[in-house]
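Q: Right, I'll just put the structure down here and ask away after.
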Amino acid sequence: QDEITSLEKSFVDEHHFIDSFVSGEKKDIIRLNVSGTVMTTNRATLTIVEDSVLAQQFDDTKWTVQGSNNMRGVKEWTAKEVSEWVKNVEGIKQKASKLFKKNEINGLELLALNEFGLEKMGVNRPGTICLLMKAIKQLEKSTQDVSTLIEYSPYCFGKILDYLRLKYVHSKELIDEPRLPTVSNDQKERYEKVVRYYFPGESAEFLLPQKQNACKRKRRDSSISSSSSSSSSSSSW
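The working numbering puts the first residue of the sequence shown at -5, with every later residue one more than the last.
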């Protein structure tokens, strides 16, 4: 009975977590362009290590919503906003804008329009139809292309991002403490550089094996010691 109760509680907790994750504000869903590879994640995942460079890049004081020139998103445009947009399309006469307003076309419907839909609305001139279809396609593409550029190896950053996702889920007490990322030997040096850029100082230990950190500290202490010895020798002369 206790086991069943525990499982039921776990299921409820997981259900609440999924609901909170899925229903998060659209501005918190981040699209990343990692050297040409598109990755999508939640802002809470990127800010889970609070004192990291990555967290600071996406925190509330510095982060601006992707596509801030169109914050609400084309899909959420009202009929009035769609009509205003049509009015500003080059080569389109005001009559076409009035047809959109008359038919109460909203943003979601605008992106779904095709030639047949335009004709049903009353847009009959072939040239106007072509111009509108071209503008709608460009509009749709521009909303999809908005992303934050990350100029690092997709392999290395992907490893970091996957681990941060697991840490975020772990913070909700839904999984056990995740293991550190497994990195191929030929990428370890590059991976460490990316980690130390986004997680400088002690925060790098969050993503690097203890042995690797110990070696790094040993080299650093050795360097400091050598520098001190050299300084002492110089002063004795």
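Cβ atoms here follow ideal geometry from the backbone N, Cα and C, with glycine treated the same way. A quick note: this is a predicted structure, and the numbers were derived from the prediction, not measured.
1. For Asp45, which residues in the same chain have their Cβ closer than 6 Å to its Cβ, ignoring the five residues on either side in sequence?
2. Which residue wins for smallest C-alpha separation from Leu202, given the options Leu174, Gly195, Ser178?
3. Which of the three DSSP states, helix, strand or coil, is assigned to Ile42?
4. Could you give the residue range of the alpha helix (DSSP H) that holds Leu48?
5. I believe Ile86 touches Thr41 by the beta-carbon criterion, under 8 Å. Please report the beta-carbon distance rounded to the nearest angstrom.
6. If we call anything under 8 Å between Cβ atoms a contact, is Tyr185 one with Lys161?
7. For the alpha helix (DSSP H) containing Arg25, name the first residue and the last one.
8. Are there 16 or more other CB atoms within 10 angstroms of the CB of Leu143, so buried, or fewer, so exposed?
9. If you follow the alpha helix (DSSP H) that Ile154 is in, where does it begin and where does it stop?
10. With H, G and I counted as helix, E and B as strand and the rest as coil, what does DSSP make of Ile130?
11. Which one or two residues does DSSP pair with Leu143 in a beta bridge?
12. Please work out which residues of its chain come closer than 7 Å, Cβ to Cβ, to Phe200, disregarding the five sequence neighbours upstream and downstream, and give them in chain order.
13. Can you round the beta-carbon distance between Asp53 and Asn36 to whole angstroms, since I take them to be within the 8 Å contact cut?
14. Could you check if Cys150 is buried or exposed, using at least 16 other CB atoms within 10 Å of its CB as the buried criterion?
15. With a cut-off of 8 Å on the beta carbons, I'd call Ala73 and Val80 a contact; round off their distance for me.
16. Considering only residues of the region 99 to 126, which uninterrupted alpha helix (DSSP H) runs meet the minimum length of 4 residues and lie entirely inside it, listed in chain order?
17. Output yes or no for whether 8 Å exceeds the beta carbon distance between Phe94 and Val83.
18. Following the continuous alpha helix (DSSP H) through Gln88, name the residue where it begins and the one where it ends.
19. Under a Cβ-count criterion, where at least 16 other Cβ atoms within 10 Å of its own Cβ denotes burial, should Ala106 be classed as buried or exposed?
A: Reading it off the structure:
1. Cβ neighbours of Asp45 beyond the five flanking positions: Ser197.
2. Leu174 is the residue among Leu174, Gly195, Ser178 whose C-alpha sits nearest the C-alpha of Leu202.
3. Ile42: coil per DSSP, three-state reduction.
4. Counting along the chain, the unbroken alpha helix (DSSP H) around Leu48 starts and ends at 47 to 51.
5. With 8 Å as the limit, Ile86 and Thr41 do not qualify as a contact, their Cβ atoms being about 43 Å apart.
6. Their beta carbons are not under 8 Å apart, which means Tyr185 does not touch Lys161 by this criterion.
7. No alpha helix (DSSP H) holds Arg25; the beta strand (DSSP E) holding it covers 23 to 28.
8. The Cβ neighbour count for Leu143, taken over all protein chains shown within 10 Å, is under 16; the residue is labelled exposed.
9. Taken as a continuous stretch (DSSP letters only), the alpha helix (DSSP H) holding Ile154 covers 148 to 165.
10. DSSP places Ile130 in the helix class (H, G or I) of the three-state scheme.
11. Under DSSP, the beta-bridge partners assigned to Leu143 are Asn27.
12. Same-chain partners within the cutoff: Val43, Phe193.
13. With 8 Å as the limit, Asp53 and Asn36 do not qualify as a contact, their Cβ atoms being about 14 Å apart.
14. With a 10 Å radius around the Cβ and a threshold of 16 neighbouring Cβ atoms, Cys150 comes out buried.
15. With a contact defined as Cβ atoms closer than 8 Å, Ala73 and Val80 miss out at about 11 Å.
16. Contiguous alpha helix (DSSP H) elements confined to the region 99 to 126 occur at 101 to 106, 109 to 115, taking only those with 4 or more residues.
17. No; because the gap between Cβ atoms is not below 8 Å, this pair is not in contact.
18. For Gln88, the enclosing alpha helix (DSSP H) begins and ends at 88 to 96.
19. Exposed, because fewer than 16 other Cβ atoms sit within 10 Å of the Cβ of Ala106.
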